[in-house]
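As they're listed, the protein sequences go chains A and B. Residue 5 in numbering that gives the first Met the number 0 sits at position 6 of the first sequence; the count goes up by one each step and never skips. Residue 192 in numbering that gives the first Met the number 0 sits at position 193 of the second sequence; the count goes up by one each step and never skips. Structure first, then comments.
Protein chains: 2
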Amino acid sequence: MAAADQTEDRRLTARGEERRRQIIEVATRLFATNGYHPTSVADVVEAVGVGKGVFYWYFPSKEALLAEILRSGQKARRRVQRDAIAEIDDPVAQMERGIRAGMEWMASHRDLVTLIRFAATEERFTEGLRKGEDIAAADATAPLRRAIDQGLIRDADPDLLARSIVGVTQHLCATLIHADPDSDPSPVIDAAVRFCMGGILGAPAPTTA
Amino acid sequence: MAAADQTEDRRLTARGEERRRQIIEVATRLFATNGYHPTSVADVVEAVGVGKGVFYWYFPSKEALLAEILRSGQKARRRVQRDAIAEIDDPVAQMERGIRAGMEWMASHRDLVTLIRFAATEERFTEGLRKGEDIAAADATAPLRRAIDQGLIRDADPDLLARSIVGVTQHLCATLIHADPDSDPSPVIDAAVRFCMGGILGAPAPTTA
DNA sequence: GGTCACCTTGACTGAACGGTCAAGGCGGTA
DNA sequence: TACCGCCTTGACCGTTCAGTCAAGGTGACC
Numbered sequence: 000m001a002a003a004d005q006t007e008d009r010r011l012t013a014r015g016e017e018r019r020r021q022i023i024e025v026a027t028r029l030f031a032t033n034g035y036h037p038t039s040v041a042d043v044v045e046a047v048g049v050g051k052g053v054f055y056w057y058f059p060s061k062e063a064l065l066a067e068i069l070r071s072g073q074k075a076r077r078r079v080q081r082d083a084i085a086e087i088d089d090p091v092a093q094m095e096r097g098i099r100a101g102m103e104w105m106a107s108h109r110d111l112v113t114l115i116r117f118a119a120t121e122e123r124f125t126e127g128l129r130k131g132e133d134i135a136a137a138d139a140t141a142p143l144r145r146a147i148d149q150g151l152i153r154d155a156d157p158d159l160l161a162r163s164i165v166g167v168t169q170h171l172c173a174t175l176i177h178a179d180p181d182s183d184p185s186p187v188i189d190a191a192v193r194f195c196m197g198g199i200l201g202a203p204a205p206t207t208a
Numbered sequence: 000m001a002a003a004d005q006t007e008d009r010r011l012t013a014r015g016e017e018r019r020r021q022i023i024e025v026a027t028r029l030f031a032t033n034g035y036h037p038t039s040v041a042d043v044v045e046a047v048g049v050g051k052g053v054f055y056w057y058f059p060s061k062e063a064l065l066a067e068i069l070r071s072g073q074k075a076r077r078r079v080q081r082d083a084i085a086e087i088d089d090p091v092a093q094m095e096r097g098i099r100a101g102m103e104w105m106a107s108h109r110d111l112v113t114l115i116r117f118a119a120t121e122e123r124f125t126e127g128l129r130k131g132e133d134i135a136a137a138d139a140t141a142p143l144r145r146a147i148d149q150g151l152i153r154d155a156d157p158d159l160l161a162r163s164i165v166g167v168t169q170h171l172c173a174t175l176i177h178a179d180p181d182s183d184p185s186p187v188i189d190a191a192v193r194f195c196m197g198g199i200l201g202a203p204a205p206t207t208a
C-alpha cells in the first residue's frame, strides 16, 4: 500500500507527460465506447502503439487510471462552471449560466459523462465519485440558497434541486447528444436549461398528494 | 446462432419456473451491488446454492440473463405507469400521476435502476435498452402532446420533456434513495414531481441566450 | 417396475486477463 | 567517451472466467 503509488511521484520529462496524456485520452475513449471491464490494458497499449510495460510505468493499475480520469474530469467541469458564474451577482442568473456551462462542457466531453455514469454503478468507484458530486452539488447549493432567501425562487431543499439539475443535464447529454454525436447540441442544451429553470422557479402546487 | 436460444423454448415445470425466478432475483441483486462484470456466474450459482450447470440450463449466457433482467424490468415499469394514468382525463394530471408512479416503482426496484444505468454505458447493451426507453418516452409523449395542444403547458419538444423527466427521476432515485436504502423515499419523490412539473409547465423565458 | 423428460452436478477446458520483470534503447550532461 | 535516469519492450506468470459435458438424480405417468 505504502509503496503502491511509486508511479505517482515519478518525475516525467516533456515526452513522458505527453505519453501519459496520450494513454489517458485513448483509454477514456475505449472505456466509454466498449466499457471499462471489456477493455483490457492490452487493448489500450495496442491502440496507443506501445508495449505493455509503458502502461505500468505511468499508472500503478487499470483501476487507478479510471480513478484519475474521473477525478480530473470532475475537476475540469467544476472549474468551467465556477468560471462561468464568477462575475454574476443575481443568483438566478448564476444558476442559468452555470447549468448552461455545465451542459456545454458535458456535450464536448461525452466520454467522460459515460464513464462517470458507469462508475456510479459499481461500488468500488462510488466513493471516489461521491466526493466530487458532493462538491458539485455544494457549488450549486450556494446560489440556490441565496435565491431562496431572497424569495426569487420557490422554497425547496437546495440539495435536491441541485441533484435534479444534474439528472436532467447528464441524462439528456448521454441519451440524445450521445446518440448522434454529429448533431448540433444547442437545441438540447436550450431545452435542458428551460426545463431546469422551470423546475427551480416553481410551479403551481400539485393537485394530488 | 440459430440454435443458441435452445434454452428459450425449454418447457419448464413449476419447479423449473421457480428456479429460474430465483436465479434472476439473486443475479439482479449481485449485479447491482458488485457490478455486472465483477460478478461471475460462479458467484451467482454459489449464492443460489446450486451447481454451475443449472445456470446454463435456464440461460444461454450471462449476457442473455442481463438482457432479460433489463427487458422484464422495463416492461414492469411501463405497466405500472400505464395503469396509474389509465383512468385520468386531464393530460397534466396524467403526467403528474405517471411521474409519481414511475418514481415509486424505481424506489422499490433500486437494483434495476442501477442495472439500467450500467447497461447504458456499454455499447453491447445500449441497443436493447434504447428500444425500451424509446417506448417509455413515447408513452409520456402522448399526454404531453395533448397538453401542449390544449395550451395547458408551454410549447416544447415532448420527447425532450419526457427524457428530462427520466433524467430527474432516475438520478434522484439512484443518488439519494440508493445512498440510504432505509430512508423514507417520499420527500425525494415529492421533490422530483415538483421539479418535473415546474419544468413542464414552464417558466419565464431565459434572460440570456 | 419401467420409461422419459426435466433437472442437477462439478470437474474440466481454452482463452483472456491484470500485472511483472529482466533486458535494452535513448537522450541529455560532463 | 562514459554515464545515468527516463522510457520502452514483450515474453511470461498465476489466476480467473464463461461456458461444456458426461453422468446421475428425480418425479410424474403408464
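Even glycine gets a Cβ: it sits at the ideal position worked out from N, Cα and C.
Nearest-angstrom Cα separation, counted from residue j out to residue i
i	j	result
Q93 (chain A)	G101 (chain A)	12 Å
G34 (chain A)	T120 (chain B)	7 Å
A139 (chain A)	E67 (chain B)	39 Å
L29 (chain A)	A191 (chain A)	28 Å
I147 (chain B)	M196 (chain B)	14 Å
T27 (chain A)	D110 (chain A)	7 Å
I87 (chain A)	T38 (chain B)	48 Å
L11 (chain B)	I23 (chain B)	15 Å
F46 (chain B)	H108 (chain B)	Checking the displayed sequence, the identity of residue 46 (chain B) turns out to be Ala instead of Phe. A46 (chain B) and H108 (chain B): Cα-Cα distance of roughly 20 Å.
A85 (chain B)	A141 (chain B)	13 Å
P157 (chain A)	A178 (chain B)	18 Å
F124 (chain A)	V25 (chain B)	22 Å
W56 (chain B)	E122 (chain B)	27 Å
I154 (chain A)	T174 (chain A)	Correcting the residue identity first, residue 154 (chain A) is Asp in this sequence and not Ile. Going from the Cα of D154 (chain A) to the Cα of T174 (chain A) covers about 30 Å.
E17 (chain A)	Q169 (chain A)	30 Å
G52 (chain B)	S182 (chain B)	39 Å
T6 (chain B)	A63 (chain B)	11 Å
Residue i burial status per 10 Å Cβ neighbour count (16 or more: buried)
i	result
T207 (chain A)	No answer about T207 (chain A) holds up, because its pLDDT of 44 lies below 50 and its placement is not dependable.
G48 (chain A)	exposed
E80 (chain B)	The question names Glu, but residue 80 (chain B) is Gln in the sequence shown. Label assigned to Q80 (chain B): buried.
E134 (chain A)	Note that residue 134 (chain A) is Ile in the sequence shown here, rather than Glu. Exposed, because fewer than 16 other Cβ atoms sit within 10 Å of the Cβ of I134 (chain A).
R14 (chain B)	exposed
R20 (chain A)	exposed
Q149 (chain A)	exposed
7 Å CB neighbourhood of residue i in its chain, flanking five on each side removed
i	result
A106 (chain A)	C172, I176, P184, I188
R9 (chain B)	none
R193 (chain B)	none
I199 (chain B)	M94, I152, L160
W104 (chain A)	R76, V79
D42 (chain B)	L29
I164 (chain B)	I98, A139, C195
G201 (chain B)	I152, R153
P186 (chain B)	none
Residue i vs residue j beta-carbon contact at 7 Å
i	j	result
R145 (chain A)	P180 (chain A)	no
F58 (chain B)	V44 (chain B)	no
I97 (chain A)	A83 (chain A)	Sequence check: residue 97 (chain A) is Gly here, not Ile. Yes, the Cβ-Cβ distance between G97 (chain A) and A83 (chain A) is below 7 Å.
R162 (chain B)	A136 (chain B)	yes
V167 (chain A)	V167 (chain B)	yes
Continuous alpha helix (DSSP H) stretch holding residue i: start and end
i	result
H36 (chain A)	Segment: none, H36 (chain A) is in no alpha helix (DSSP H) and carries neither H nor E.
V49 (chain B)	Per DSSP, V49 (chain B) belongs to no alpha helix (DSSP H) and is neither H nor E.
C195 (chain A)	185 to 200
L171 (chain A)	157 to 171
Q73 (chain A)	61 to 84
R109 (chain B)	109 to 118
G150 (chain B)	Here G150 (chain B) belongs to no alpha helix (DSSP H), and DSSP marks it neither H nor E.
I98 (chain B)	90 to 106
Other residues of its chain near residue i: CB distance less than 8 Å, five sequence neighbours each side excluded
i	result
R70 (chain B)	G127, G131
L114 (chain A)	T27, F30, A31, Y35, L65, I68, L69, G72
G50 (chain B)	V44
Own chain, CB closer than 6 Å to residue i, minus 5 neighbours either side, in chain order
i	result
K61 (chain B)	V40
L143 (chain B)	P157, L160
A118 (chain B)	L69, F124, L128
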